[in-house]
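S.K.: What follows is a single structure, and I will ask about it in a moment.
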Amino acid sequence: MDKVVASAEEAVADIGSGSTLAVGGFGLCGVPEVLIGALLAQGADELEAVSNNCGVDEWGLGKLLKAKRLRRMISSYVGENKEFARQYLSGELEVELTPQGTLAERLRAGGSGIPAFFTPTGVGTQVADGGLPWRYDSEGEVVVASPAKEVRNFETAEGPQDFVLEEAIVADFGLVRAWKGDRHGNLVFRQSARNFNPLAAMSGRVTIAEVEHLVEPGEIDADSVHTPGVHVQRVLALTPEQVEETKQIEKRTVRERG
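Quick note, the sequence shown lines up with residues -13 to 244 if you use our numbering.
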């Protein structure tokens, strides 16, 4: 039951080229930065990453992006990363843009054994009708576009309504960052760092969690657990130095006190 690994290098050693990764975080908050750094050094490429965004330039998934390790992204937000935009528009990166709530539910469904679900989000748009550019060529022409999805009408409390079918996401590996975790893999996320981390943890066939505070089994109250250990296969305990080095502020605003 002890799932603690000795190092980040050991934790990501079997992530092979071409793997699909579900990665927690939102902007710079709750990003498994130590695991991403170890994966960068490990050398796997042609990776497909599922994450709300692709980090920022040279931080988080942005490190793998800059090193040309990512083949494809499934995400909902691509702002604040110039290299992401450049690679996408130049045909170097395939991008499947997905509404944020739909992305969250696709990850949750994958971890819950639900293969697909219907949602009203995207009905009447290219999300449902198809045609969203997934990949461009070097000349700016669309060479891969999203397919049309099934739309079905259901009776609701407000009357008949159309819904679009969305498929669940199951990733080869999940990479997450937790505030606290025990040796059995039970995790607690702190405040906004909770974001996509529980969903990414559920979605991964093999989930690796880096934790800021490692405790013994039983020290976390059962009612406080956000992700139960059944979803987690490896736990990496961060050093105080690693925790400090990976705390970033995306936009610092300073004003005089009144």
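All C-beta atoms, glycine included, are put in the ideal place defined by N, C-alpha and C.
Which residues bound the beta strand (DSSP E) around proline 119?
M.R.: 119 to 122 is the span of the beta strand (DSSP E), which, as asked, contains proline 119.
S.K.: When you compare only the Cα positions, how much space is there between isoleucine 1 and arginine 138?
M.R.: Rounded to whole angstroms, isoleucine 1 to arginine 138 spans 38 Å at the Cα level.
S.K.: Can the beta-carbon of glutamate 32 be found closer than 8 Å to that of serine 3?
M.R.: Against a cut-off of 8 Å, the Cβ pair of serine 3 and glutamate 32 comes out as a contact.
S.K.: What residues are listed by DSSP as bridge partners for leucine 7?
M.R.: Answer is Ala35, Phe159, bridged to leucine 7.
S.K.: Quick one: Cα of valine 109 to Cα of glutamine 234, how far?
M.R.: Near 37 Å, if we compare the C-alpha coordinates of glutamine 234 and valine 109.
S.K.: Expressed to the nearest angstrom, what Euclidean distance is found between the alpha-carbon atoms of serine 37 and leucine 26?
M.R.: Using only the alpha carbons, I get a separation of about 17 Å.
S.K.: When the Cα atoms are used, what is the spatial distance from leucine 282 to glutamate 231?
M.R.: The structure shown does not extend to residue 282, since the chain is modelled only from -13 to 244, so the question has no answer here.
S.K.: Could you tell me which of Glu69, Ser5, Ser132 sits nearest to lysine 49, measuring between CA atoms?
M.R.: Answer by Cα proximity: Glu69.
S.K.: In the structure shown, what three-state DSSP assignment does isoleucine 206 receive?
M.R.: Three-state result, isoleucine 206: coil.
S.K.: Under a Cβ-count criterion, where at least 16 other Cβ atoms within 10 Å of its own Cβ denotes burial, should threonine 84 be classed as buried or exposed?
M.R.: Buried, by the Cβ-count rule.
S.K.: Taking only beta-carbon atoms, is asparagine 38 less than 8 Å away from chain B?
M.R.: The structure shown contains no chain B, having only a single protein chain.
S.K.: With contact counted as at least three CB pairs below 8 Å, one residue from each stretch, are the stretch 169 to 176 and the stretch 75 to 82 in contact?
M.R.: No: fewer than three Cβ pairs fall under 8 Å.
S.K.: Here's the rule: buried if 16 or more other CB atoms are within 10 angstroms of the residue's CB, otherwise exposed. What is aspartate 168?
M.R.: The residue is buried, with at least 16 neighbouring Cβ atoms inside 10 Å.
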